[in-house]
Amino acid sequence: MGSMQDWLGAQARVRSRRGLVRSTVPRPDVSHLDASRTDASRNGAAVLDTAVLDSPLLDLASNDYLGLAADPRLQAAGIAAVARYGTGARSSRVVTGTHPVHAELEAELAALTGQPAALAFSSGYTANLGILTALGGPGTLIVRDEHAHASLIDGARLSRSPLEVFPHGDLEALARLLAQRSQPRAVVVIESIYSVLGDAADVAATAELCAEYDALLVVDEAHGIGVAGGGRGAVHAAGLAGAEHVVLTTTLSKALGAQGGAVLGSAALREHLVNTARSFIFDTALAPCAAAAAAEACRIIAAEPGRVESVARNAALIAGALGLEQAAGAVQSVPVGPATRAAGLAARLEEAGVLVGCFRPPSVPDGISRLRLTARADLSPEQLRAAAALIRTLLSLTEVPA
Ligand SMILES: Cc1ncc(COP(=O)(O)O)c(C=O)c1O
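Position one of the sequence shown corresponds to residue 1 (UniProt numbering), numbered consecutively onward.
1. Based on the DSSP secondary-structure assignment, which residues constitute the bridge partners of E164?
2. Rounded to whole angstroms, what is the Cα-Cα separation between A342 and Q326?
3. Just to confirm my understanding: we take P305, look at its own chain, exclude 5 residues before and 5 after, and list those with CB closer than 8 Å. What are they?
4. For E191, collect the residues of the same chain with a Cβ closer than 6 Å to its Cβ; drop the 5 residues on either side in sequence, then sort them by chain order.
5. Mind checking whether the beta-carbon of A222 lies closer than 7 Å to any heavy atom of ligand 1?
6. In terms of residues, what are the limits of the alpha helix (DSSP H) holding Q75?
7. As a quick exercise: from L345, R360 and F359, pick the residue whose alpha carbon is nearest that of G353.
8. Among residues of its own chain, excluding the 5 on either side of T87, which ones have a beta-carbon nearer than 8 Å to its beta-carbon?
9. Buried or exposed: where does T113 fall if 16 or more other Cβ atoms within 10 Å of its Cβ makes it buried?
10. Evaluate contact between the stretch 209-228 and the stretch 180-190, counting only Cβ atoms and requiring at least three cross-stretch pairs below 8 Å.
11. Quick one, are the C-beta atoms of L57 and R27 less than 8 Å apart?
12. Under a Cβ-count criterion, where at least 16 other Cβ atoms within 10 Å of its own Cβ denotes burial, should Q332 be classed as buried or exposed?
13. Within its chain, find whatever has a CB closer than 6 Å to the CB of L197; leave out the 5 residues flanking it on each side and keep chain order.
14. Excluding sequence positions up to five away, which residues of its chain have a Cβ less than 7 Å from the Cβ of P361?
15. Are there any heavy atoms of ligand 1 lying less than 7 Å away from the beta-carbon of E191, as far as the coordinates show?
16. Hey, out of A291, A377 and P365, whose CA is closest to T98's CA?
17. Can you find the residues in the same chain that come closer than 8 Å, C-beta to C-beta, to A201, ignoring five residues on each side of it along the sequence?
18. Compute every distance between the C-beta of H236 and the non-hydrogen atoms of ligand 1, then say whether any falls below 7 Å.
19. Roughly how many angstroms separate the alpha carbons of A118 and A222, rounded to a whole number?
20. Do the stretch 301-320 and the stretch 147-155 make contact, defined as three or more Cβ pairs closer than 8 Å?
21. By the three-class DSSP mapping on this structure, what secondary structure does S369 have?
22. Among the residues of its own chain, which have a CB less than 6 Å from the CB of A45, if the five just before and after it don't count?
23. How many whole angstroms separate the CB atoms of A293 and G78, which I take to be in contact at a CB cut-off of 8 Å?
24. If V95 and V227 are in contact, beta carbons under 8 Å, what's the gap, nearest whole angstrom?
Right under this line is the structure:
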């Protein structure tokens, strides 16, 4: 065991030196900030005066894009599901774990996105593992965008398919890879809105290419559902809802304010997944309270388009205030260079009262670490302006104070 302990210590030292240490320390309750308390120059340092605030931190880091995670209607739906079904699903969906609330959720997801069928998983991660392992294998080439999420990369690897990667958004490179393939089947994997850069894929053009080369397109809409296409997602916006060669995956944990994941496509695909997707079959079913909350979120998104519009308004505000090109969805991404600088800036912002995402390797390639700001619908223009002023001040400092 000595050699393993030595190795763990050495690994920790390397992470620390490179600015790559991640933390699971619980966050204080994050919600609202009184922007009138902003003092961007106290003691020569950029600071938001949080001492007088009800809540200590302004959250620009979480993925609760529509502010639904704390919505009383989602909470009530979750509590009712706990009362009716208990706190856990008790077993896999294919044993006794499927409850009426799972069918309800799947119907709501299908209705929101315009897809024929949906299958709920315990997370977006397991949904992506499930679809790619169930479709993959030696006879299926999997071609993915280089920025695809870790869960898509892992699903592709687990599938034992031959794998190819195309440069981010480069459809000519994708076409070449599809044209050269020797396998009878091909699956192309993209995200509709990319999680770190926040930029959008050209879903329509990618789908057209897939049709031309008889490939199936898997679009991860983790950051698209609830945000793009009036909340119905980028595939719906591209007029591709229900197209046989386009499959969606999503998480229920971002705009839907709950937890879990789903794959959406044809009834035949759903049936195939139920019978072959190992991360579905050998995994305890999604907790009923999360399923109920996500189903409620789908109904709210369809009924309250103003929430989705607020994300776009807030994204424009953040991008404008920071001089960034506005990204397609809720995520606005600020390039800051080395990982150590990103970590230093994020730590200073947190001290000053603003929580931002800090994306470093392996989430992004070395040298292009970023601060990731989410334009949540429930943030006010005053809050966003105050946070942006603070971020501008810190970014303009050549040295980030230790
Ligand atoms: C693009 C993308 N896909 C999948 C996931 C995984 O979803 P989950 O957190 O529900 O496992 C995430 C984020 O967590 C994501 O950003």
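Cβ coordinates follow ideal geometry from the N, Cα and C atoms, glycine included.
Quick caveat: nothing in here was measured; it's all calculated off a predicted structure.
Based on what the coordinates show:
1. V143
2. 20 Å
3. G230 and G231
4. D220
5. yes
6. P72 to Y85
7. L345
8. A287 and C289
9. buried
10. yes
11. yes
12. buried
13. S333
14. L20 and A339
15. yes
16. A291
17. D145, G169, I190, E191, S192, I193, Y194, V219 and A234
18. no
19. 15 Å
20. no
21. strand
22. Residue placement at A45 is poorly supported in this model, since its pLDDT is 43, which falls under 50; the coordinates still yield a value, given next. No residues qualify anywhere along the chain.
23. 4 Å
24. About 35 Å separates the two Cβ atoms, so there is no contact after all.
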